[in-house]
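Student: Residue numbers (this note's numbering), protein chains in the order written: chain A, 102 to 437; chain B, 102 to 437; chain C, 102 to 437; chain D, 102 to 437. Glycine included, every Cβ here is placed at the ideal spot set by N, Cα and C.
4 protein chains.
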Amino acid sequence: VTTSVEPAVVIPRPEEFAYVFGTRPPLGTIRPGQPLRIFTEDCFGGLVKTTEDLPSRVCDLNSVNPVTGPIYVQGAQPGDTLAIHLLSITPTRPWAVSATFPHFGALTSSHETATLQPPLDERVWVYGVDLVTGQVRFQARDGRTVNLPLAPMHGTIGVAPAGGQAISTLTSGPHGGNMDTPEVRAGVTVFLGVNVDGGLFGLGDGHARQGDGEVCGVAVEAAMNTTLVVDLLKGVPTPWPRIVSDQHLMVVGAARPLEDAYRIAHVDLTRWVAELTGFDELDAMQLISQGGEATVGNVCDPAYTFVAKYRRDRLPSHLADPYLLAHDQLRADHAH
Amino acid sequence: VTTSVEPAVVIPRPEEFAYVFGTRPPLGTIRPGQPLRIFTEDCFGGLVKTTEDLPSRVCDLNSVNPVTGPIYVQGAQPGDTLAIHLLSITPTRPWAVSATFPHFGALTSSHETATLQPPLDERVWVYGVDLVTGQVRFQARDGRTVNLPLAPMHGTIGVAPAGGQAISTLTSGPHGGNMDTPEVRAGVTVFLGVNVDGGLFGLGDGHARQGDGEVCGVAVEAAMNTTLVVDLLKGVPTPWPRIVSDQHLMVVGAARPLEDAYRIAHVDLTRWVAELTGFDELDAMQLISQGGEATVGNVCDPAYTFVAKYRRDRLPSHLADPYLLAHDQLRADHAH
Amino acid sequence: VTTSVEPAVVIPRPEEFAYVFGTRPPLGTIRPGQPLRIFTEDCFGGLVKTTEDLPSRVCDLNSVNPVTGPIYVQGAQPGDTLAIHLLSITPTRPWAVSATFPHFGALTSSHETATLQPPLDERVWVYGVDLVTGQVRFQARDGRTVNLPLAPMHGTIGVAPAGGQAISTLTSGPHGGNMDTPEVRAGVTVFLGVNVDGGLFGLGDGHARQGDGEVCGVAVEAAMNTTLVVDLLKGVPTPWPRIVSDQHLMVVGAARPLEDAYRIAHVDLTRWVAELTGFDELDAMQLISQGGEATVGNVCDPAYTFVAKYRRDRLPSHLADPYLLAHDQLRADHAH
Amino acid sequence: VTTSVEPAVVIPRPEEFAYVFGTRPPLGTIRPGQPLRIFTEDCFGGLVKTTEDLPSRVCDLNSVNPVTGPIYVQGAQPGDTLAIHLLSITPTRPWAVSATFPHFGALTSSHETATLQPPLDERVWVYGVDLVTGQVRFQARDGRTVNLPLAPMHGTIGVAPAGGQAISTLTSGPHGGNMDTPEVRAGVTVFLGVNVDGGLFGLGDGHARQGDGEVCGVAVEAAMNTTLVVDLLKGVPTPWPRIVSDQHLMVVGAARPLEDAYRIAHVDLTRWVAELTGFDELDAMQLISQGGEATVGNVCDPAYTFVAKYRRDRLPSHLADPYLLAHDQLRADHAH
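This is how it looks when you write it as structure tokens:
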């Protein structure tokens, strides 16, 4: 996994997937700037294939949401930031699945919001995935179908946390993780603060598409072939995950209750815009209050997520910013 | 206020504004189908005009967020629904204001999320409003400006609640109220369940524009001239506010914590889509999980709001629905 | 209702109960210092008498939680505080009831925490109430019984709010209301800030006893004969309900999520202890952090409640305090 | 660490303390029934000794809340439960400390509930600890003192979680951890479900005392000498931490928002009481609703905690229960 013109390739063997973000032997090592092509399995480890394969029966609950990683980035040290630029995310199969899962999701009581009520029925939906037309096909029990646009993304992307923690791939935090936001799609750069040598990033939980908030707790889950390239921002710490696209600055906050995810994201976005523009924090907050956007990631995982967004074309004249510079350079370097 | 070809007109005298939604003598009476033109004052009662006019000094806190109303709708009875179709919302002045307010907003402790910390500084921003270019102009302390698109909306629209309650215009609930969502804009129809004879609706709190979540607690506040027409859905109860646009079905949920606003909106949207399509609730939830959208209204008022949305063109063949029919008819009847 | 040696008596006719706290014609008028004897009906209006009387069938949902009031207190003006000293609370019947109610309670989804799950079963429990032994008797479906100590209290006590609001007796806030805390029992003084002339207080929702948090949403509900005496603290504003007993200072906070009720109560208790002792706020917070107590009121109503408590014998030498003085004087004046 | 009449002793060297609960080489191994005497350092690693030692200056933030452990229990396997009976908890020094810490605590914005406000001042309090009089002495800035009862407890006690996770000792969950409840005191038995071979428990974070909710985020922090004895319940899984005392059954729930901690604890307590008594779940919930108690643990850590309690003498005739039997046997075996 070390040459440079050809992308490095990581295709884990079944027993090699990770279920925590933490310090463990890397699956591979890359140099900053070196493209990487990886395979990610779906959140059910590929075990749910038909409407008969109820997740609670076919899956081992300690082995859901497998992540491909960790990948060691040469030169990455605590206090740096990884800039993970996603070049492409492509479903590997002509189908994908969703499901209800007992006591999981936004519209049911759950292990955290516990009640004495029985769970909703467990059910599996198998979606057709058509790369040519760019659509996924929902099919209801009565056979009727609805086509929705294919919009591939990774629900889970993160680095090893600090202090010797090993955090389940089912949740999210300052290290990234299971953020479940559609903003992590091809064309964006995800910025994650490095906590341990090499950063040790991983990703998985591909979604062929997902609605805002991932209502039922499960998206259109798909194995993915993903290409990415990682750059390194030396000496730039990143407290919460940031994302830059051609259009937006974004920050992801993760917490419960949901307003705290919103607050985290917006406090950090406010400070970022203040630094970028030279405005004081109140001016930056005011500008975001009127010109900002916000999208909800998930309202089902152990930590809910919210993305605070601000359009780049609504910034006044501004200073050089390492995140914007890195994204724009990565974008330019890897344009087709 | 009773003729029919000419719109009825309601321009309250200063002492006539309402600060609660409840049963009180109406400002006017309209017949279903009769257009209405009203004036709404801004949330500060027009008293904040310059950066020197700090709201906590110039405003009486029991008289903020004035609403024009209540308006009595002939024939409306408990168990019916008002369909309030907004034809136009136009700022009346070439300026609008925003502000920080002590211990109010998403990024400060507040009266509800109380801490021992002092408040953020109180500050006023005066925006230029240009109806010709369709822009509002933010100006920072250092004089730099940023133009943002004009996008007029009403933060507050509601009816009298049940059971003799009189609910402050600062909060929201099943009766509507201070929802503070940009989805209440010209071209949509807002559906509110009737609790008392005549419905007794009112509206106010015009915003020249607002970001997602109204971060600082105050939008670009503007007095408005608004035209609307009300239709009546007899025998159709509406548990939470619904909105129909040419593109979307929407439900507004209002609660704290924020996830509960999300849940309320999505439970009702799920049931609506289930009824509309004939899908069972799990199929409807699944479809919304993957194809749904959600926008946050406010994360600052006593009740936070979330809007669950679903695109009409992502519905399969569906049954006649009184909300869609009413919107489409109102739209057709009042097209220019 | 105006003589002074004999207690004034208020026994409402069925149609006279109140279902909101707001400005309305008073049921009676008292002078400060004049004892008052009132009857309060149970939260179901006395309509649930047997295990067959399911609340959702026998009750009109706009007429639950009747309050006896409002009572006008001569001389009370906005900015003053009512000191309502509870002399005795006595169940009027040898039975009391509890119930589950569809989608209401802490261990079920609810109208606010909405899910797609069906409700728990609705069931009624009839308790024996024995004033002689001081016990209430729970009986399970299988006939076994458990005796629990009789501990009468009022779930609901409040005043008219400011700004023309009329707030449902089902919820609570700065005006008091449906706080559902066992701390409102005979021997304590409840302090409520006055918002309108006469204060217009009322009370109801007697509980023969209640566990911490009112898990199922309904306590051991009982009609009560209650005697009280009201004193007036002129020029003393009270932002949130305070309670003084012979042992404790207490503040009630009401909000969602539950931590916000806790915060409100503790911020106000901190400031109260700081004023009382002359400590700065950090010292007062530190002392409460280590020596304070906190009891949860309800985790089921529209606003959850928490009571922050501090033992009077853990105060250092302290200043005269109008709340402590008023309680101690009322206690002395009305000792048997 | 293997003989049996004499207690095993574990006194970690400074570099041996643990900052996560996870699978790592044990500090010692014990047999069920074998007493254990351990030393635990305070949450600041003993580095805060005077009012000049501000925690944010003298502590490394990745090395706070050291835990003595893990301890391997012979024979413990996933699906079993550890019964950790606390015989004594004794402060080792004549002083203890508390502090405010920037953006930590219930009455300030925090990393999770983020705002743009600056933190409260950081301050240290040094308490006198008097084992003879059984008191701790608070001293205010102005020199005045208040004595409070000594009431030693461990804020943190837990086992290794499942699935390869390593969870920071600053938070809590099904594995126990930083629950910060005064119910973990000498005389009780703490039951924790085993997830990995040997269970791998640890404890620390001694508090000389703590108020309900740990308002300021820091208790009266003290190094402790603690003796305990561990029993093993083979084949008994325990989903959330349970505690049995001579008076009470208890369950600890850990979550945000605070009502979810309350719900988790009460759902599990309801099921426990139902199993124990043979009541159905609704009868058990009803009994707890009226006869139950609940104490708040912390309202400051990453997961808030609530303890649901039920008095043993309020149970009807009941079945043998492994938790009660284990506690009573441990109590009898180790009575002085």
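DSSP has Gly305 (chain B) in a bridge; who is on the other side?
Tutor: B:Val168, B:Thr257
Student: For chain C, check one thing: does any of its Cβ atoms lie closer than 7 Å to the Cβ of Ser105 (chain D)?
Tutor: Only weak support exists for where Ser105 (chain D) lies, its pLDDT of 49 falling under 50; the value from the coordinates is given anyway. Ser105 (chain D) does not count as touching chain C.
Student: For Thr182 (chain B), does the three-state DSSP call read helix, strand or coil?
Tutor: Reduced to three states, the DSSP call for Thr182 (chain B) is strand.
Student: In the DSSP assignment, the beta strand (DSSP E) including Ile139 (chain A) goes from what residue to what residue?
Tutor: According to the DSSP assignment, Ile139 (chain A) belongs to the beta strand (DSSP E) that extends over 136 to 141.
Student: Are Gly305 (chain C) and Thr130 (chain C) closer than 7 Å when you measure CB to CB?
Tutor: no
Student: In three-state terms, what does DSSP make of Pro192 (chain A)?
Tutor: strand
Student: My assumption, with CB atoms under 8 Å, is that Trp341 (chain A) sits in contact with Pro275 (chain A). Please give the rounded CB distance.
Tutor: 5 Å
Student: May I ask you to report which of helix, strand or coil DSSP gives Trp341 (chain A)?
Tutor: coil
Student: Just checking: is the beta-carbon of Thr201 (chain D) within a distance shorter than 7 Å of some beta-carbon in chain B?
Tutor: no
Student: Which bits of chain A does Thr216 (chain C) rub up against, with CB to CB less than 7 Å?
Tutor: Leu208, Thr209, Ser210
Student: Can you pull the DSSP bridge partners for Arg310 (chain A)?
Tutor: A:Val321
Student: Please name the residues in the stretch 368 to 402 of chain D whose beta-carbon is closer than 7 Å to at least one beta-carbon of chain A, in chain order.
Tutor: Answer set for the stretch 368 to 402 of chain D: Val368, Thr371, Glu382, Met386.
Student: What is the rounded straight-line gap between the Cα of Gly354 (chain A) and the Cα of Ala267 (chain A)?
Tutor: 20 Å
Student: Give the DSSP bridge partners of Leu187 (chain A), in chain order.
Tutor: A:Leu329
Student: Mind listing the chain B neighbours of Arg356 (chain C)? Cutoff is C-beta to C-beta under 7 Å, in chain order.
Tutor: First, the residue type needs correcting, since residue 356 (chain C) is Ala and not Arg in the sequence shown. For Ala356 (chain C), the C-beta contacts it makes with chain B under 7 Å involve Glu213, in order along the chain.
Student: Can you tell me whether Arg125 (chain A) is helix, strand or coil according to DSSP?
Tutor: In the three-state DSSP reduction, Arg125 (chain A) falls in the coil class, being neither helix nor strand.
Student: Does DSSP put Tyr228 (chain B) in a helix, a strand or coil?
Tutor: strand
Student: Smallest Cα separation from Val337 (chain D): which of D:Gln311, D:Leu217, D:Leu128, D:Pro179?
Tutor: D:Pro179
Student: Please name the residue in C:Ser273, C:Lys335, C:Leu370 whose C-alpha comes closest to that of Ala427 (chain C).
Tutor: C:Lys335
Student: Just to confirm before moving on: does the CB-CB distance between Thr282 (chain B) and Ile139 (chain B) stay below 7 Å?
Tutor: no
Student: Between the stretch 286 to 316 of chain B and chain A, which residues of the former have a C-beta closer than 7 Å to a C-beta of the latter?
Tutor: Within the stretch 286 to 316 of chain B, the residues whose Cβ lies closer than 7 Å to any Cβ of chain A are, in chain order, Arg310, Gln311, Gly312, Asp313, Gly314, Glu315, Val316.
Student: Starting from Val352 (chain B), trace the alpha helix (DSSP H) in both directions and tell me its first and last residue.
Tutor: Premise fails: Val352 (chain B) lies in the beta strand (DSSP E), 349 to 356, not in any alpha helix (DSSP H).
Student: Just mark Glu284 (chain B) as buried or exposed, buried being the case when its beta carbon has 16 or more other beta carbons within 10 Å.
Tutor: buried
Student: Of the residues D:Leu416, D:Leu383, D:Gly299, which one's Cα is nearest the Cα of Arg125 (chain D)?
Tutor: D:Gly299
Student: From the beta carbon of Val102 (chain D), is the nearest beta carbon of chain C less than 7 Å away?
Tutor: Annotation note: pLDDT 37 at Val102 (chain D) (below 50); position unreliable, no value reported.
Student: Using the C-alpha atoms, what's the distance from Gly398 (chain A) back to Ala409 (chain A)?
Tutor: 10 Å
Student: Going by the CB atoms, is the gap between Leu217 (chain D) and Thr209 (chain D) shorter than 7 Å?
Tutor: no
Student: Please check if any C-beta of chain B sits within less than 7 Å of the C-beta of Arg364 (chain C).
Tutor: The beta carbon of Arg364 (chain C) falls within 7 Å of a beta carbon belonging to chain B, placing the residue at that interface.
Student: For Asp402 (chain A), count neighbouring Cβ atoms within 10 angstroms of its own Cβ and tell me buried if that reaches 16, exposed if not.
Tutor: buried
Student: Would Arg194 (chain B) count as contacting chain A if we go by Cβ distances under 7 Å?
Tutor: no
Student: Just reading off the beta strand (DSSP E) that Tyr411 (chain D) is part of, what are its end residues?
Tutor: Note, Tyr411 (chain D): beta strand (DSSP E), 405 to 412.
Student: Please state the DSSP three-state secondary structure of Thr371 (chain C).
Tutor: helix
Student: Assign Arg114 (chain A) to one of two classes, buried (16 or more other C-beta atoms within 10 Å of its C-beta) or exposed (fewer than that).
Tutor: exposed
Student: Beta-carbon separation of Ala309 (chain D) and Val237 (chain D) under 7 Å?
Tutor: yes
Student: Taking contact to mean at least 3 C-beta pairs separated by less than 8 Å, is the stretch 378 to 397 of chain D in contact with the stretch 415 to 434 of chain D?
Tutor: yes
Student: For the stretch 220 to 238 of chain B, which residues have a beta carbon sitting closer than 7 Å to at least one beta carbon of chain D?
Tutor: Leu221
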